[in-house]
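Participant:
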Amino acid sequence: MTRRILTKKRVETLYQMAIVLSALWLVISVSHSRVSDTYQQVYLALSHQITQSLEDIYTFDYNNEQTYDNFSNELVAIELEAASLYNNLLENQQRYLPFISPIPEQGVQFGHHIKTQVLNFTQRLERLLSAKVSYEYSGSTLKELQRGLLSASTSDTDKLQLYQYFDNQIARQALTTDAQTNNTILAIDSYIRLNSRVKNEIDQEKQALLGSEIHTLLNDVNTYWMTRTSNLQGHVIFSGVLLFVFLGGYIYWRQWIQQYREAKLNRELFTKEKERSHLALVVEHASDAIIITDKDGFVTWANTAFERLSGYQVNEVLGLKPGSFLQGEETSKQEVDKISTHLKKGEPVQSELINYHKDGTPYWIDIAITPIRNYQQEVEQFIAVERDSSVRKSLERDLRLAVDSADASNKAKSTFLATMSHELRTPLNGILGMAQILESSVTKTQHKEQLNILLESGNHLLSLLNDILDISKIEEGKLELEAVDFAISDLCSPIVTTYSSICTEKGVEFVLDNQLENGKCYRGDKSRIRQVIFNLLGNAVKFTRDGKVTLTLSSTPTENGKDEIFTISVKDTGVGIPSERLGTIFDPFTQAEASTTRKFGGTGLGLAIVKKLANIMNGDASVTSEPGVGSEFVVTMQLSPAEAVKKQQKAHVSLDDQALAQSLNILLVEDNKVNALVAKTFCTKQGHKVEVAVNGQEAVEKVKQGHYDLIIMDNHMPVMDGIEATRIIREELHSKTVIFGCTADVFKEAHDNFIAAGANHILTKPLQKESFIDALQQYRHLLVMPPKHESNNKVVELIRHDLSQISISNTTEAELKVSPSNGKSLLSEDRIKQFKQTSEDALTTLITSYSSKDKATLSSTLNLIHNECNATGLSRMVEKTRSLETTLDGDIWPALEEMQSLVNLLEVNIHEAVRILDKYRDTQNQSVLKSSKLSR
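If you're matching positions, the sequence shown starts at 1 in the UniProt record's numbering and goes up one per residue.
So this is what it looks like as structure tokens:
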């Protein structure tokens with residue numbers, strides 16, 4: 001259609017250009033023809049003037065001086081006419097462009113030539129006229145002299161001789177001597193010779209005038225202009241015919257176009273009329289109700305569907321406003337006001353509201369109202385389309401009830417899991433706790449083996465319980481991932497150590513194919529990634545009787561170039577998985593076959609956890625398998641590359657060596673007697689004094705009455721739970737005593753509530769000796785008093801903890817805090833990054849210089865930490881570093897406990913800085929993700 005319109009415009013343009021050019025050619029041709037004809041007439045008149053001047057010279061009246069003047073003026077006029085014609089030709093030629101000039105170059109050359117020849121011709125005429133005048137005057141004088149001489153002669157002989165002399169019959173020498181010397185005879189002789197000479201000149205000038213080029217040139221010019229005029233008249237005729245043809249063609253083409261447009265308009269009108277009839281048919285039989293109102297909202301038309309939907313006939317509602325008879329008490333006033341506001345502005349609007357049938361039955365409708373405007377953009381009427389949405393609203397209500405029911409079911413499941421977790425972990429705490437206590441006290445090998453079996457069974461039961469809780473957390477979206485820098489080598493080391501020995505015992509080859517570059521580091525949840533690998537390897541080893549198990553680690557860059565797709569592949573030569581089971585292998589509580597549990601054991605949660613963890617890390621899990629040949633599991637996850645991770649310095653001492661040298665006064669708050677016995681035994685074996693309270697209320701009373709170095713607080717207890725008791729101890733009693741929360745709840749909410757109430761640390765049941773001793777060591781700076789003499793210390797070196805193992809519950813001593821509202825610090829991101837980097841570097845130097853007794857390096861490091869903490873606003877750290885600097889300046893080596901206290905404080909603040917930076921990064925990633933979603 002567009003191409004056709006362009007073609008029509010092009011044809012019309014060509015026609016118009018042809019008409020304009022033809023008309024222009026006609027005008028130029030006519031103009032040039034008239035000019036040529038004018039010059040031909042002028043030169044013809046000039047030719048007549050020259051011919052007339054030749055005739056006038058032979059009829060010249062020599063006795064009339066006025067005739068001589070007239071003839072002279074006539075010659076001057078001829079000269080001026082020729083010069084004027086040439087100047088006019090030259091001026092007209094220069095006035096126009098060369099290709100449209102009416103005066104050709106040849107015409108100008110003719111004009112210049114004629115001007116020159118006319119000047120020569122008039123000069124010859126003037127010379128001829130002068131000669132003839134001289135001849136006439138000299139002849140008249142000669143006759144007078146002859147007449148006088150004859151009158152003076154008396155003799156006939158003399159007269160006869162004079163007549164003969166006058167007729168040139170005799171020469172002057174033939175006269176008598178007296179006659180020869182006569183003055184009159186001498187004068188007559190001079191005049192005779194003069195006349196003869198003038199006559200010869202006249203004859204020559206006449207001959208020159210008769211042979212002059214002016215006549216031929218004037219004939220050529222007249223012929224030239226006449227021919228040019230004739231040719232131009234031919235152009236005039238041809239251009240006129242051409243103009244007529246183009247103009248006629250254009251008029252015919254315009255008429256054809258007009259007829260085509262009329263025919264097309266008739267077809268369109270016919271098509272539109274047909275469409276209108278179809279639309280009228282559709283509207284009339286549409287299932288949606290359609291109402292047309294005028295600009296004031298009064299009904300002017302409605303279709304049959306409206307009558308079926310509302311129960312009103314069209315003639316009943318004409319001239320009424322729909323709201324006056326369709327709306328009722330349950331109709332939303334807010335939606336009605338919104339519709340009214342949009343309609344007053346002439347804007348389309350969509351809404352849903354309740355209308356009422358003629359019999360009073362309410363029904364839901366989806367309504368869309370569109371304004372119809374005229375050519376002046378004024379609203380003339382409105383069209384409203386109403387659809388009965390009662391069924392959909394009923395389905396939405398049922399779906400909402402189903403969702404509420406599902407949510408209630410999920411909450412019931414979560415409550416059940418939390419309760420079961422607590423109930424299962426409570427006796428498990430007693431089993432594992434007592435087994436650990438007995439292990440350290442028995443000496444017989446047989447008893448130790450039996451206790452090891454008990455511990456292994458208990459730990460296996462604990463791992464199963466953890467799997468169930470992990471699945472629950474993931475399904476509820478409560479599983480939070482850590483973001484710490486870790487090296488792949490650190491991740492692989494325990495895997496190789498563990499599964500090399502396991503595979504060797506089973507007779508299976510274990511192969512680690514690490515395709516990543518040496519020293520490769522990532523930022524992510526190291527423990528969860530290890531859990532994925534252990535789950536995959538555990539399954540592979542379990543289902544492989546012989547052959548080998550291959551673990552392959554690789555990576556590929558993502559499209560954004562910042563992150564990488566970390567890929568874990570575990571391939572085995574085991575029993576394989578049937579093809580019909582591959583689609584559900586990652587579903588919870590699903591095994592490859594029904595007999596798997598009996599043959600190999602397991603709950604079927606390992607692979608489900610693997611896939612869900614991969615999904616949370618923006619990856620996926622897949623499997624390919626062939627029964628009897630083996631299986632290959634491939635897990636991908638998106639990780640951010642990190643810089644090289646510094647090796648953590650750890651003290652190589654046993655758990656017993658890490659025990660506090662000073663005896664603590666501990667308040668144990670526990671209602672379960674078995675758990676109380678286990679915890680009390682742990683404490684007493686470390687040389688601490690333990691007092692037991694059976695509920696929170698009793699604990700609060702004991703704190704009021706006495707002093708305790710440490711409170712171990714259970715969560716669920718009768719009378720008053722541990723969280724409430726902790727809150728009262730902190731807020732009402734203002735006690736600074738270290739509080740370890742001890743709970744069987746593994747959900748983060750329970751831990752956060754404990755920390756929010758004022759607990760310093762959370763111990764998870766079943767209580768493990770390692771975690772308990774580590775907690776004591778971590779809070780050594782708050783639990784023990786500084787020794788009076790350094791020589792009494794039993795701890796021989798500073799201890800640096802693994803920052804990746806510090807949880808949120810360990811950071812209550814941190815001065816670098818996050819905002820409860822958004823999880824960020826009031827400090828800038830750059831300030832926190834600077835603190836983290838400087839503190840991590842200084843921490844290593846601090847431990848090294850203290851252990852090597854390097855006073856200068858220790859002093860400079862303390863000063864660096866002091867300045868960095870001062871810039872970050874950590875007042876407690878500033879005071880501690882200042883105190884240590886003062887001690888060192890006084891030539892006193894700082895006490896180990898004071899240095900350990902500084903190390904602990906620095907560690908928890910570094911860990912908190914990492915958490916804050918993670919929050920910043922998560923917020924930025926969410927913003928980028930939200931922006932990309934909006935752009936899509």
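Beta carbons: idealized from backbone N, C-alpha and C, even for Gly. Predicted model only: the values in this text are computed from it and were never measured.
How far does the beta strand (DSSP E) with Gly741 in it reach, from first residue to last?
Facilitator: Val738 to Thr743 is the span of the beta strand (DSSP E), which, as asked, contains Gly741.
Participant: Starting from Arg523, follow the beta strand (DSSP E) in both directions and report where the run begins and ends.
Facilitator: Element bounds for Arg523: Cys521 to Gly524.
Participant: Would a C-beta distance cut-off of 7 Å place Ile19 and Leu247 closer than the cut-off?
Facilitator: Yes, these two residues count as a Cβ contact at 7 Å.
Participant: Figure out for me which residue from Gly297, His688, Leu309 and Ile585 has the closest Cα to the Cα of Leu318.
Facilitator: Closest option to Leu318, Cα to Cα, is Gly297.
Participant: Can you grab the Cα-Cα spacing for the pair Ser190 / Asn222, in whole Å?
Facilitator: Straight-line Cα distance between these residues: approximately 48 Å.
Participant: Between the stretch 84-95 and the stretch 109-118, do three or more beta carbon pairs fall short of 8 Å?
Facilitator: Yes, the stretch 84-95 is in contact with the stretch 109-118.
Participant: Let me know if Ala408 comes out buried or exposed under the rule of 16 or more other beta-carbons within 10 Å of its beta-carbon.
Facilitator: When all chains shown are included, Ala408 counts as exposed.
Participant: Take every Cβ of the stretch 32-40, pair it with every Cβ of the stretch 261-273, and state whether three or more of those distances are shorter than 8 Å.
Facilitator: Taking 8 Å as the limit for Cβ pairs, the verdict is that the stretch 261-273 does not touch the stretch 32-40.
Participant: So within the stretch 307-335, which uninterrupted beta strand (DSSP E) runs reach at least 3 residues, ignoring any that extend past its ends?
Facilitator: For the stretch 307-335, not a single whole beta strand (DSSP E) run of length 3 or above is found.
Participant: Would Asp891 be called buried (16 or more neighbouring beta carbons within 10 Å of its own) or exposed?
Facilitator: The residue is exposed, with fewer than 16 neighbouring Cβ atoms inside 10 Å.
Participant: Could you tell me the distance, in whole angstroms, from the CA atom of Val541 to the CA atom of Lys919?
Facilitator: Roughly 39 Å between the two C-alpha positions.
Participant: Is the beta carbon of Gln40 sitting closer than 7 Å to the one on Thr229?
Facilitator: In this structure, Thr229 lies closer than 7 Å to Gln40 by Cβ.
Participant: My assumption, with CB atoms under 8 Å, is that Val692 sits in contact with Lys680. Please give the rounded CB distance.
Facilitator: At roughly 7 Å, the Cβ-Cβ gap stays under 8 Å, so Val692 and Lys680 are in contact.
Participant: How would you label Gln900, buried or exposed, when you count the other beta carbons within 10 angstroms and need 16 or more for buried?
Facilitator: So Gln900 counts as buried.
Participant: Considering Asp288, what are the terminal residues of the alpha helix (DSSP H) in which it resides?
Facilitator: No alpha helix (DSSP H) holds Asp288; DSSP gives it neither H nor E.
Participant: Which residues in the same chain as Lys295 place their Cβ atom closer than 7 Å to its Cβ, once the five residues preceding and following it in sequence are excluded?
Facilitator: Val379, Glu380 and Gln381, listed in sequence order.
Participant: Counting Cβ pairs, one atom from each stretch, are 3 or more of them under 8 Å apart for the stretch 663-673 and the stretch 705-725?
Facilitator: Verdict: yes, contact present.
Participant: Three-state secondary structure (DSSP) at Gln94?
Facilitator: Residue state, collapsed to three classes: helix.
Participant: Among Lys526, Leu162, Leu309 and Ser130, which residue has its Cα nearest to the Cα of Ala483?
Facilitator: If we check each option's Cα against that of Ala483, Lys526 comes out closest.
Participant: Among residues of its own chain, excluding the 5 on either side of Glu126, which ones have a beta-carbon nearer than 7 Å to its beta-carbon?
Facilitator: Correct list, in chain order: Leu75.
Participant: Note down, in chain order, each residue of its chain lying with its Cβ closer than 6 Å to the Cβ of Leu320, except the 5 sequence neighbours on either side.
Facilitator: Only Val299 meet the Cβ criterion.
Participant: Check this for me: beta carbons of Ser859 and Leu888, under 7 Å apart or not?
Facilitator: Yes, they are a contact pair.
Participant: So Arg581 is in the alpha helix (DSSP H); what residue range does that whole segment cover?
Facilitator: Careful: Arg581 lies outside any alpha helix (DSSP H) and carries neither H nor E.
Participant: Could you give the uninterrupted runs of the alpha helix (DSSP H) lying entirely in the stretch 106-192, keeping only those of 4 residues or more?
Facilitator: Here the runs fully enclosed are 156-166 and 177-180.
Participant: According to DSSP, is Met899 helix, strand or coil?
Facilitator: Reduced to three states, the DSSP call for Met899 is helix.
Participant: Under a Cβ-count criterion, where at least 16 other Cβ atoms within 10 Å of its own Cβ denotes burial, should Thr636 be classed as buried or exposed?
Facilitator: Buried, because 16 or more other Cβ atoms sit within 10 Å of the Cβ of Thr636.
Participant: Alpha carbon to alpha carbon, how far is Ala759 from Phe740? Give it in angstroms, no decimals.
Facilitator: Distance between the alpha carbons of Phe740 and Ala759 is about 6 Å.
Participant: For the beta strand (DSSP E) containing Phe510, list its first residue and its last residue.
Facilitator: Taken as a continuous stretch (DSSP letters only), the beta strand (DSSP E) holding Phe510 covers Glu509 to Asn514.
Participant: Compute the beta-carbon to beta-carbon distance between Gln327 and Asn355, rounded to the nearest angstrom, for a pair I have assumed lies under 8 Å.
Facilitator: So it is a contact: roughly 7 Å between Cβ atoms.
Participant: Classify Asp572 as buried or exposed, calling it buried when 16 or more other Cβ atoms lie within 10 Å of its own Cβ.
Facilitator: Its Cβ being crowded by 16 or more others within 10 Å, Asp572 is buried.
Participant: Does the separation of the CB atoms of Cys521 and Ala699 fall below 7 Å?
Facilitator: Not a contact, by the Cβ cut-off of 7 Å.
Participant: From Gln705 to Ala757, what distance separates their C-alpha atoms?
Facilitator: If I take the Cα positions, the gap works out to 21 Å.
Participant: With H, G and I counted as helix, E and B as strand and the rest as coil, what does DSSP make of Pro104?
Facilitator: Pro104: coil per DSSP, three-state reduction.
Participant: Return helix, strand or coil for Ala642, following the three-state DSSP convention.
Facilitator: Three-state DSSP puts Ala642 in coil, outside helix and strand.
Participant: Can you give me the C-alpha to C-alpha distance between Arg581 and Asp587, rounded to a whole angstrom?
Facilitator: So the two alpha carbons sit approximately 10 Å from each other.
Participant: Rounded to whole angstroms, what's the CA-CA distance from Asp513 to Arg523? Just pull it up for me.
Facilitator: Those two C-alpha atoms are separated by around 21 Å.
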